[in-house]
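Structure, as structure tokens:
In the UniProt record's numbering, the protein residues as written are 1 to 650.
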């Protein structure tokens with residue numbers, strides 16, 4: 001493309017040529033004035049280097065005279081380009097000096113090739129190549145709206161273009177043909193700002209027809225975000241299969257549950273069963289049937305006539321039933337797939353609670369992870385500082401119990417309500433301790449193990465949220481500080497820890513019916529300060545410390561075979577790491593690598609047996625609690641909006 005100066009794109013009006021600097025009459029030895037340039041009212045007088053600088057101050061502020069100490073001087077007019085285009089506009093309005101006539105429909109536009117070439121690669125190529133049109137006085141352009149062409153010609157001379165809901169589509173189409181990319185992008189931005197559930201599918205279709213990838217992406221993002229509103233529109237009944245398939249395949253589809261996805265697919269199918277029948281199995285394959293409510297799966301999906309008559313769909317229903325049955329039993333052969341991984345909108349959130357960093361002072365701060373935006377944001381702080389704190393979620397509330405506040409060990413606890421973004425105190429445990437772990441089973445909360453400065457504990461207390469009371473239950477067989485705890489198939493597992501002498505590979509599980517702890521197979525490595533999580537019927541233990549250094553290794557326990565196997569290691573060592581499950585993956589947050597406190601986060605994908613980086617937490621921390629909460633970020637949307645301006649608050 002030509003290296004000529006770009007066309008001005010300001011929205012302010014072009015100044016008059018009278019703003020050019022006037023001649024000066026000061027000084028005894030001035031050279032003759034330069035004759036006026038075409039389109040200006042007077043010439044510009046140049047002064048010798050010896051003349052007074054005071055005369056230069058009378059130059060208009062839009063122009064500059066650069067004075068050297070030698071015999072040369074350089075003048076720059078900042079109004080040069082816009083004055084030039086102002087003159088071109090006058091020529092255009094007066095039909096003067098035009099050298100090409102553009103015909104579109106019933107209209108003709110007498111233009112200047114140089115102006116059109118400056119704003120349109122289409123015309124630049126036409127007028128500078130060996131094309132026949134390069135020598136023609138008249139050029140006819142087909143398939144462009146004549147009103148749109150008129151506005152684009154005006155834009156070429158003025159840099160101004162008024163976009164409206166009525167003209168933006170023909171303007172975008174014309175700008176795309178004429179290769180006026182600046183205008184095309186402006187049209188896309190305008191359409192993005194005016195997307196609505198009633199027009200977003202139409203915008204997608206229009207963008208698809210004209211190969212506007214950016215606008216396609218904008219429309220698709222809008223539909224994904226506002227899917228439930230879009231489903232209610234008339235447009236949705238006629239949505240192209242390819243677009244619907246793309247939407248229901250996306251993890252970013254914003255729905256409250258998978259039932260809404262299934263019902264949208266069935267509703268679309270019923271609008272035109274004969275012509276859409278072949279699409280049913282392909283769409284049902286994208287619906288996460290295993291995540292439906294079991295009663296809904298059996299009573300609604302399995303009895304739907306279209307589903308019953310399709311062999312492939314019936315297989316999908318059977319697979320979903322098998323998955324749900326395997327989760328409820330001790331069978332370990334659970335088949336995982338994309339259909340068993342929840343969408344981000346209803347996957348829940350993670351809370352990273354307390355801990356400490358390089359300063360050594362425990363934190364009160366809490367960070368929440370939003371999987372839809374892949375970002376961490378701060379919610380209300382706890383009432384006190386807590387490191388090596390026990391955390392868990394149950395009943396829609398986040399609980400934080402025990403830990404160390406920097407001065408003493410704690411037996412106090414508190415709960416966080418995501419709907420109000422507030423913390424409130426609960427009744428204290430009987431024994432203050434840090435390195436404690438919490439687990440939820442049957443609506444109760446169990447506080448397991450822990451230590452203080454002199455003792456590692458084997459005790460366990462049970463908290464009843466309804467009565468706000470703690471009760472001592474069966475002690476573990478082994479004292480465990482820095483223990484990892486998880487609930488799996490109606491048992492509470494205690495993994496590793498430190499008994500006051502060394503880190504442990506020993507593990508045991510609690511049977512609430514017997515009120516008794518029983519040993520299970522030991523891990524392959526002894527570790528304390530590790531994280532534990534349950535995913536797809538397996539128990540995972542991640543990182544921690546052995547007696548000499550932090551670990552990057554991970555192990556998986558199969559309760560059916562009572563065996564541990566190693567899985568992929570993390571990208572770095574993490575002692576005191578926070579571990580929790582979210583969206584079919586295991587998240588490892590923060591920790592200490594032996595040298596530094598970490599703010600990095602990675603997630604384990606069991607389908608690929610690999611760890612992948614995730615958005616970092618805002619504060620480096622180890623000894624923090626990490627908990628999954630089955631709630632949507634929409635519960636505290638206003639706090640999310642406030643967080644946008646607070647992400648750098650640390």
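Beta carbons: idealized from backbone N, C-alpha and C, even for Gly. Here the structure is a predicted model, which means the values were calculated and not measured.
So what does DSSP say about residue 237, is it helix, strand or coil? Looking at residue 237 - three-state DSSP - the assignment turns out to be helix.
Find out if the Cβ-Cβ distance for the pair residue 120, residue 178 is shorter than 8 Å. Yes; because the gap between Cβ atoms is below 8 Å, this pair is in contact.
So, does the region 187 to 197 touch the region 224 to 232, judging by three or more C-beta pairs under 8 Å? Flag = yes, the region 187 to 197 and the region 224 to 232 touch.
How is residue 584 classed by DSSP in three states: helix, strand or coil? Coil.
Do residue 280 and residue 269 have their CB atoms nearer than 8 Å? For the pair residue 280 and residue 269, the CB atoms are nearer than the 8 Å cut-off.
Round the Cβ separation of residue 568 and residue 610 to the nearest angstrom and send it over; I've been treating them as touching at under 8 Å. Sure, about 6 Å apart at Cβ, within 8 Å.
Do residue 573 and residue 549 have their beta-carbon atoms positioned less than 8 Å apart in this structure? Going by C-beta atoms, residue 549 is nearer than 8 Å to residue 573.
Identify which residue in 492, 157, 524 has its Cα closest to the Cα of residue 511. Among 492, 157, 524, the Cα nearest to that of residue 511 is on 492.
Apply the 10 Å Cβ neighbour rule to residue 294 and answer buried if 16 or more other Cβ atoms are within range, or exposed otherwise. It counts as exposed.
Buried or exposed: where does residue 408 fall if 16 or more other Cβ atoms within 10 Å of its Cβ makes it buried? Classification of residue 408: exposed, given that the 10 Å Cβ count is below 16.
Who does residue 528 pair with in a DSSP beta bridge? Paired residue(s): 545.
Short Cβ contact (8 Å threshold) for residue 389 with residue 448: In this structure, the beta-carbon distance from residue 389 to residue 448 does not fall below 8 Å.
Pairwise C-alpha distance: residue 267 and residue 318: Cα-Cα distance, rounded: 22 Å.
Roughly how many angstroms lie between the CA atoms of residue 622 and residue 193, to the nearest whole one? Roughly 43 Å between the two C-alpha positions.
Just curious, the alpha helix (DSSP H) that residue 393 is in, first and last residue? Run containing residue 393: none in the alpha helix (DSSP H); it sits in the beta strand (DSSP E), 390 to 394.
By Cβ distance below 7 Å, which residues in the same chain neighbour residue 104 in space, the five residues on each side in sequence not counted? Around residue 104, the same chain offers 141, 144, 146, 149 as residues with beta carbons nearer than 7 Å, after the five sequence neighbours per side are excluded.
Apart from the five residues just before and just after residue 495, which ones in its own chain have a Cβ nearer than 6 Å to its Cβ? Only 484, 507, 532, 541 meet the Cβ criterion.
Under the three-state reduction of DSSP, which class applies to residue 227: helix, strand or coil? The three-state reading of DSSP puts residue 227 in helix, counting H, G and I together.
Taking the alpha carbon of residue 289 as the point to measure from, which residue in 554, 265, 558, 437 has its own alpha carbon closest? Looking from the CA of residue 289, the closest CA among 554, 265, 558, 437 belongs to 265.
In terms of alpha-carbon separation, which member of 375, 240, 296 lies closest to residue 283? Per the Cα distances, 240.
For a minimum of 3 consecutive residues, which ranges assigned as the beta strand (DSSP E) are wholly contained in the region 490 to 534? Counting only runs of 3 or more, we get 491 to 495, 507 to 511, 516 to 520.
Excluding sequence positions up to five away, which residues of its chain have a Cβ less than 6 Å from the Cβ of residue 176? The residues 184, 210, in chain order, have a CB closer than 6 Å to that of residue 176 in the same chain once the five nearest residues on each side in sequence are set aside.
For residue 546, which residues of its own chain have a beta-carbon under 7 Å away from its beta-carbon, when the five flanking residues on both sides are left out? Cβ contact annotation for residue 546 (same chain, cutoff 7 Å, sequence separation greater than five): 503, 525, 526, 527, in chain order.
Secondary structure at residue 267, three-state DSSP: helix, strand or coil? Looking at residue 267 - three-state DSSP - the assignment turns out to be helix.
Going by C-alpha distance, which of 628, 97, 558 is nearest residue 585? Residue 585 has its Cα closest to that of 628, out of 628, 97, 558.
For residue 35 and residue 216, I'd like the C-alpha separation in whole angstroms. Caution applies to residue 35, whose pLDDT of 42 falls short of 50 and renders its modelled position unreliable; the value that the coordinates give is listed next. Their Cα atoms are separated by approximately 56 Å.
Between 587, 190, 398, which lies nearest to residue 423 when the distance is taken from Cα to Cα? For the residues 587, 190, 398, the minimum Cα distance to residue 423 belongs to 398.
Please state whether DSSP places residue 71 in a helix, a strand or coil. Residue state, collapsed to three classes: coil.
Are there 16 or more other CB atoms within 10 angstroms of the CB of residue 94, so buried, or fewer, so exposed? By the 16-neighbour rule on beta-carbons within 10 angstroms, residue 94 is exposed.
Assuming contact is defined by CB atoms lying nearer than 8 Å, are residue 413 and residue 451 in contact in what I supplied? No. Outside cutoff.
Could you name the residues of the same chain whose beta carbon sits closer than 7 Å to that of residue 158, not counting the 5 residues immediately before and after it, in chain order? Within the same chain, and ignoring the five residues on either side of residue 158 in sequence, the residues whose Cβ sits closer than 7 Å to its Cβ are 89.
Counting pairs of beta carbons, one from the region 612 to 626 and one from the region 357 to 375, are three or more of them closer than 8 Å? Touching, yes.
Nearest-angstrom beta carbon gap, residue 487 and residue 518 [assumed within contact, 8 Å]: Not quite, the Cβ-Cβ distance comes to about 15 Å (not below 8 Å), so this is no contact.
Less than 6 Å between C-beta atoms, sequence neighbours within five positions excluded: which residues of the same chain meet that for residue 384? Result list for residue 384: 405, in chain order.
Would you give the residue range spanned by the beta strand (DSSP E) that residue 484 belongs to? Annotation: the continuous beta strand (DSSP E) that includes residue 484 extends over 484 to 488.
Expressed to the nearest angstrom, what Euclidean distance is found between the alpha-carbon atoms of residue 469 and residue 544? Straight through space, the alpha carbons of residue 544 and residue 469 are spaced by roughly 32 Å.
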